[in-house]
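Chemist: The sequence shown stops at residue 106 when you use our numbering, and every number in between is there. Backbone N, C-alpha and C define an ideal beta-carbon position, used for all residues, glycine too. The structure presented is a predicted model; accordingly, all values stated were derived computationally and were not measured. One structure coming up, written as structure tokens, with questions to follow.
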Amino acid sequence: MNDDRGLASPRRRQPSRRFEITTGSAEPWWTEADDAELDLLAYELVRGYFEHKPRCASCAAGDPPCPHLRRAIEAVTEWREARELRSRAEYLRAGLDRVEGAA
Ligand SMILES: [Zn+2]
């Protein structure tokens, strides 16, 4: 992605329909690395669920998420929120550093 502020970087996410569908973040600070890490966490969450399900009466019955599953889901969503904040701060700092460096 290129813009007129000179903030583009090779590690920044390129427009991709796949990532827009899977992550829900189209913000310029969300990187391909962020996507890859979120993909891994989602994969591990699903894998963990299928390991957990046969051993949990609640999950095996199709009930709403049990406390264990709910905590795993919350951990992924909390990571996602924190990463958004961190990536946004890094993106903005990089732009500020460029502006200050050019002055
Ligand atoms: Zn369960």
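Relative to the alpha-carbon of Leu44, which residue among Pro57, Gly104, Arg86 has its alpha-carbon at the smallest distance?
Modeler: Looking at the Cα atoms, Arg86 is the closest of the given residues.
Chemist: Please report how far the alpha carbon of Glu84 lies from the alpha carbon of Glu77, in whole angstroms.
Modeler: Their backbone Cα atoms lie some 10 Å apart in a straight line.
Chemist: So, are the CB atoms of Leu48 and Cys62 less than 8 Å apart?
Modeler: No, these two residues do not count as a Cβ contact at 8 Å.
Chemist: Got a sec, what are the start and stop residues for the alpha helix (DSSP H) Gly104 sits in?
Modeler: Looking at the DSSP string, the run of the alpha helix (DSSP H) that includes Gly104 is 70-105.
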